[in-house]
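Throughout the sequence shown, residue numbering follows numbering that gives the first Met the number 0, covering 0 to 141 in sequence.
We treat Cβ as the ideally placed atom computed from N, Cα and C, and that holds for glycine.
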Amino acid sequence: MPSMSQASSSSHAASTYPVRILKKSEYKQAALCLAEAFEDDEVVQYAIQTGDRKNSTPEKDWKLHLHMMECIADIENRVTYLECSNPLNIKLYSRLGFKLAKKIYLTRGEKPVEMDIMTRLPVAQQLAGRTLRFHDEQESRN
0 MPSMSQASSS SHAASTYPVR ILKKSEYKQA ALCLAEAFED DEVVQYAIQT
50 GDRKNSTPEK DWKLHLHMME CIADIENRVT YLECSNPLNI KLYSRLGFKL
100 AKKIYLTRGE KPVEMDIMTR LPVAQQLAGR TLRFHDEQES RN
């Protein structure tokens with residue numbers, strides 16, 4: 000787990016790399032784009048195709064998948080974690096303040112899927128004010 004000072008550096012990392020902050024009106028379209036991009040991803044489908052959903056329809060599975068992509072982190076000062084199945088993404092997420100916590104192996108399918116579990120200490124409250132100010136500035140320019 001990173002220290003608080005290390006976690007706060009993720010705000011520096013976020014400001015170092017070009018990021019366009021979505022407006023509230025854009026998040027559903029962005030989520031749809033992500034959902035379509037990851038529709039056939041075996042790691043994403045692993046979380047949807049569970050034993051308790053055997054009677055689910057493709058339409059219901061799609062709605063769940065889309066809902067998962069629409070969920071956003073709230074500002075409750077919680078540790079954030081993510082699961083990453085592509086080793087190249089570790090560097091990307093590290094720049095955002097995430098640290099590798101452990102590897103897990105999903106073994107229900109034909110071949111095991113290796114996933115990296117990464118965590119980041121809370122920084123949302125530090126970024127929230129800056130994000131809102133940035134959004135307000137952009138709105139006033141338009």
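Thinking C-beta only, is residue j closer than 8 Å to residue i?
i	j	result
residue 79	residue 119	yes
residue 41	residue 108	yes
residue 31	residue 47	no
Return the chain-ordered list of same chain residues with a C-beta closer than 8 Å to the C-beta of residue i, the five sequence neighbours on each side being excluded.
i	result
residue 102	113, 114, 115 and 116
residue 86	115
Of the residues the options, which one's Cα is nearest the Cα of residue i?
i	options	result
residue 111	97, 89 and 45	45
residue 106	49, 23 and 58	49
Could you name the residues of the same chain whose beta carbon sits closer than 7 Å to that of residue i, not counting the 5 residues immediately before and after it, in chain order?
i	result
residue 99	89, 115 and 117
residue 81	92, 97 and 117
residue 83	89, 92, 114, 115 and 117
Name the DSSP bridge partner or partners of residue i?
i	result
residue 83	115
residue 104	113
Leaving out five residues on either side along the sequence, give the residues of the same chain with a beta carbon under 6 Å from the beta carbon of residue i.
i	result
residue 104	111 and 113
residue 60	47
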